[in-house]
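There are 2 protein chains.
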Amino acid sequence: MAVYTHVDDEALSAFLGAYDVGELLSAKGIAEGVENTNYLVRAEKGTFILTLYEQRVRADELPFFLNLMAHCADKGLATPRPVPRRDGALISELCGRPAAMVTFLDGVAARRPSPLLCAELGRGLGALHNAALDFSMTRKNGLGIDAWAPLFAQSHDKANSVLPGLAAQVDGELEYLAANWPHTLPAGVIHADLFPDNAFFMRQKLSGIIDFYFACNDLLAYDLAICLNAWCFEEDGAFNVTKSRALTTAYHAVRPLGADEIEALPVLCRGAALRFLLTRLHDWLRVPEGALVTPKDPRPYLERLRFHGGVARASEYGLAL
Amino acid sequence: MAVYTHVDDEALSAFLGAYDVGELLSAKGIAEGVENTNYLVRAEKGTFILTLYEQRVRADELPFFLNLMAHCADKGLATPRPVPRRDGALISELCGRPAAMVTFLDGVAARRPSPLLCAELGRGLGALHNAALDFSMTRKNGLGIDAWAPLFAQSHDKANSVLPGLAAQVDGELEYLAANWPHTLPAGVIHADLFPDNAFFMRQKLSGIIDFYFACNDLLAYDLAICLNAWCFEEDGAFNVTKSRALTTAYHAVRPLGADEIEALPVLCRGAALRFLLTRLHDWLRVPEGALVTPKDPRPYLERLRFHGGVARASEYGLAL
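Order-wise, the sequence lines are chains S and L.
Start counting the first sequence at 1116; every next residue gets the next number (the numbering used here).
Start counting the second sequence at 1116; every next residue gets the next number (the numbering used here).
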């Protein structure tokens, strides 16, 4: 969450010359995004986010992300719209890094989203899934169920140093999920990282969904399970069924869930909780010296995992059918 | 140059309630400023910079800086204008820190300013000095000539590790300046840190002067000497007399320099070069572990110091009279 690559205003002015956005009015490096460098750019024809992709995002995957955003924006979704250069390209290069410019979306993130905002988010997620149904490109989920066991193998030896007994608990969970994962549910393009800081609201309405750099093809209901984990637990770890009911019911109204998807919600929620537990654990154990980013505590996701393990039937998530 | 204090959008929305700026549309932490936290805030009634003052800026000095900006903006200068709260206060508190909001200024900084921009800057500096003549508050220059010897005392022992012979050279310079400083020249409020990154331009015109947090009372021509050091040397260290002529002549057209001020330019330039040499040397020798900020190399200011030491008369700066 920092400006990793400094672009001076003169280089930026020259860079903008390739776009039909008018002259540069101002540019400010902003502290946002998944390990990329972002500038908030004001030009004569609008306000934009310029992203320089640092190491973590693979350049050959950028066309998927950018075309997906364009596809969704074309369908009227509040997603950033990539700005093409005069020559039509969505991807450019700046300071030796792949770079792209997208429209800026107004709105503010909700740190403690209300049930009303959870419903807004559920509708938005359903609309995103529907809009992407006819998107022609695909991308494998690099952090899907197949990746979890190899990922944990890298942290297994140190896991108990974070919490005694963690290694055995995760091993058991991996085994359970491998045996019970509902591979045949409807699949499509999912956001895969739709946490509250990636959704903007204005006047209680969803005004933007951002950060598509984890988007991929996977089970649609798994994306809902990710949101359920990210939006419906309180800071003290308690599950909030009112929020979960609002989220899932609103989603269901826009993209009706099949009986099999509903039945699978508890196992999908366990998978989603495990996925974030594992990546956070991985980063937690590998904080680089002088790191600019504070790693996120994996433990709340262990608590969520335990919660979902105790859910006997999907109706406990409040989905009113 | 980072976001030291994270303010979530909900806290910011609530904070904005004390101002007459309409609802919050968006807020982005920006990587800018002198060790303060800055947010670029878009609200219904405009775009603003919100600053949370971290340790380096003393809270009791904020009224001087903010009232000075308001005073200059009232006189039509392109300086940020502090936005008063509904109760009239310019200074507020957010996340336990003093905070203030000022209007956002469009424009881009010039990394390699042309002679044309140097002239623009000279006119702007003259206008700033004129505008502040009737500003009623005062602030001692904490980095003025009286501060240089005590400041160097903190780095004296290690100075030669940066460059052999540096300690003796600075000692000699301190002695020369103490004996030759033109204390009786016209004084007033100076910016004291008007480097190219603190000036914005649009279409070759000065559109903004920012960062008033070193402003203080001192010799007016000393401020010009600071700019001469900051704007009129090339990256390879060479003095550019075309730029210096443009800067000083344009300044002189707006605030005519007295014969005594012109005559004193070489010694003022030596003082200005020493001031930045000393603060950079100080920071260079004290880089904190895991620092977010790369310290600036003091050596270019030693080269400038040597250059000014060899200037026999002010006309070498190109001032056409």
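Note that CB positions come from ideal geometry on N, CA and C, so glycine has one too.
Can you tell me which of the options puts its alpha carbon nearest to the alpha carbon of residue i?
i: residue 1431 of chain S; options: S:1418, S:1180, S:1201 and S:1363; result: S:1363
i: residue 1169 of chain S; options: S:1156, S:1203, S:1210 and S:1140; result: S:1210
i: residue 1124 of chain S; options: S:1186, S:1140 and S:1208; result: S:1140
i: residue 1226 of chain S; options: S:1347, S:1119 and S:1247; result: S:1347
i: residue 1416 of chain L; options: L:1428, L:1399 and L:1427; result: L:1399
i: residue 1127 of chain S; options: S:1150, S:1151, S:1157 and S:1119; result: S:1157
i: residue 1186 of chain L; options: L:1266, L:1171 and L:1217; result: L:1217
i: residue 1262 of chain S; options: S:1397, S:1434 and S:1303; result: S:1397
i: residue 1426 of chain L; options: L:1390, L:1392, L:1414 and L:1379; result: L:1379
i: residue 1340 of chain S; options: S:1315, S:1286 and S:1434; result: S:1434
i: residue 1353 of chain L; options: L:1194, L:1392 and L:1421; result: L:1421
i: residue 1239 of chain L; options: L:1160, L:1315, L:1144 and L:1373; result: L:1315
i: residue 1365 of chain S; options: S:1163, S:1195 and S:1233; result: S:1233
i: residue 1131 of chain S; options: S:1208, S:1285 and S:1286; result: S:1208
i: residue 1230 of chain S; options: S:1355, S:1255, S:1285 and S:1150; result: S:1355
i: residue 1162 of chain S; options: S:1219, S:1135, S:1129 and S:1195; result: S:1219
i: residue 1243 of chain L; options: L:1286, L:1284 and L:1195; result: L:1195
Can you tell me whether residue i is buried or exposed? The criterion is at least 16 other CB atoms within 10 Å of its CB, across all chains shown.
i: residue 1409 of chain L; result: exposed
i: residue 1357 of chain S; result: exposed
i: residue 1276 of chain L; result: exposed
i: residue 1147 of chain L; result: buried
i: residue 1251 of chain L; result: exposed
i: residue 1402 of chain L; result: exposed
i: residue 1110 of chain S; result: Absent from the structure is residue 1110 of chain S, since the part of chain S shown begins at 1116 and ends at 1436.
i: residue 1294 of chain S; result: exposed
i: residue 1253 of chain S; result: exposed
i: residue 1338 of chain S; result: buried
i: residue 1215 of chain L; result: buried
i: residue 1298 of chain L; result: exposed
i: residue 1412 of chain L; result: exposed
i: residue 1308 of chain L; result: buried
i: residue 1323 of chain S; result: buried
i: residue 1290 of chain S; result: exposed
i: residue 1237 of chain S; result: buried
i: residue 1144 of chain S; result: buried
i: residue 1174 of chain L; result: exposed
i: residue 1193 of chain S; result: buried
Can you list, in chain order, the residues of its chain with a C-beta nearer than 6 Å to that of residue i? Leave out the 5 residues immediately preceding and following it.
i: residue 1336 of chain S; result: 1300, 1376 and 1383
i: residue 1152 of chain S; result: 1118, 1119, 1120 and 1167
i: residue 1344 of chain S; result: 1387, 1388 and 1419
i: residue 1228 of chain L; result: 1311 and 1346
i: residue 1172 of chain L; result: 1328
i: residue 1428 of chain L; result: none
Do residue i and residue j have their C-beta atoms within less than 7 Å of each other?
i: residue 1292 of chain L; j: residue 1386 of chain L; result: yes
i: residue 1326 of chain L; j: residue 1305 of chain L; result: no
i: residue 1328 of chain S; j: residue 1179 of chain S; result: no
i: residue 1241 of chain S; j: residue 1370 of chain S; result: yes
i: residue 1197 of chain L; j: residue 1205 of chain L; result: yes
i: residue 1278 of chain S; j: residue 1390 of chain S; result: no
i: residue 1320 of chain L; j: residue 1246 of chain L; result: no
i: residue 1200 of chain L; j: residue 1268 of chain L; result: no
i: residue 1159 of chain L; j: residue 1176 of chain L; result: no
i: residue 1302 of chain S; j: residue 1183 of chain S; result: no
Excluding five sequence neighbours on each side, which residues of the same chain lie with their C-beta closer than 7 Å to the C-beta of residue i?
i: residue 1424 of chain S; result: 1385
i: residue 1271 of chain S; result: 1282
i: residue 1392 of chain S; result: 1413, 1416, 1417 and 1420
i: residue 1264 of chain L; result: 1289
i: residue 1248 of chain S; result: 1303
i: residue 1273 of chain S; result: 1400
Counting only the same chain and skipping the five closest in sequence on each side, list residues whose C-beta sits under 8 Å from that of residue i.
i: residue 1296 of chain L; result: 1260, 1382 and 1386
i: residue 1317 of chain S; result: 1221, 1222 and 1223
i: residue 1142 of chain S; result: 1122, 1124, 1127, 1154, 1155, 1156, 1157 and 1165
i: residue 1414 of chain S; result: 1277 and 1278
i: residue 1266 of chain S; result: 1258, 1393, 1394 and 1397
Legend entry - Inside the stretch 1329-1359 of chain S only - alpha helix (DSSP H) runs reaching at least 4 residues: 1335-1346
Inset, instruction - Starting from the N-terminal side, write out each stretch of the beta strand (DSSP E) that is 3 residues or longer and does not extend beyond the stretch 1186-1227 of chain S. - result: 1207-1209 and 1212-1218
Legend entry - 3 or more residues per run - each beta strand (DSSP E) lying fully within the stretch 1356-1385 of chain S: none
Inset, instruction - Report the residue ranges of all alpha helix (DSSP H) runs contained in full by the stretch 1256-1315 of chain L; include only those spanning at least 4 residues, in chain order. - result: You should have 1260-1268, 1271-1277 and 1281-1295.
Inset, instruction - Residues of the stretch 1126-1150 of chain L with a CB closer than 7 Å to any CB of chain A: list them in chain order, please. - result: Reference to chain A is not applicable here, since the protein chains of this structure are S and L.
Legend entry - In chain order, each beta strand (DSSP E) run of at least 3 residues that lies wholly inside the stretch 1137-1166 of chain S: 1139-1145 and 1152-1158
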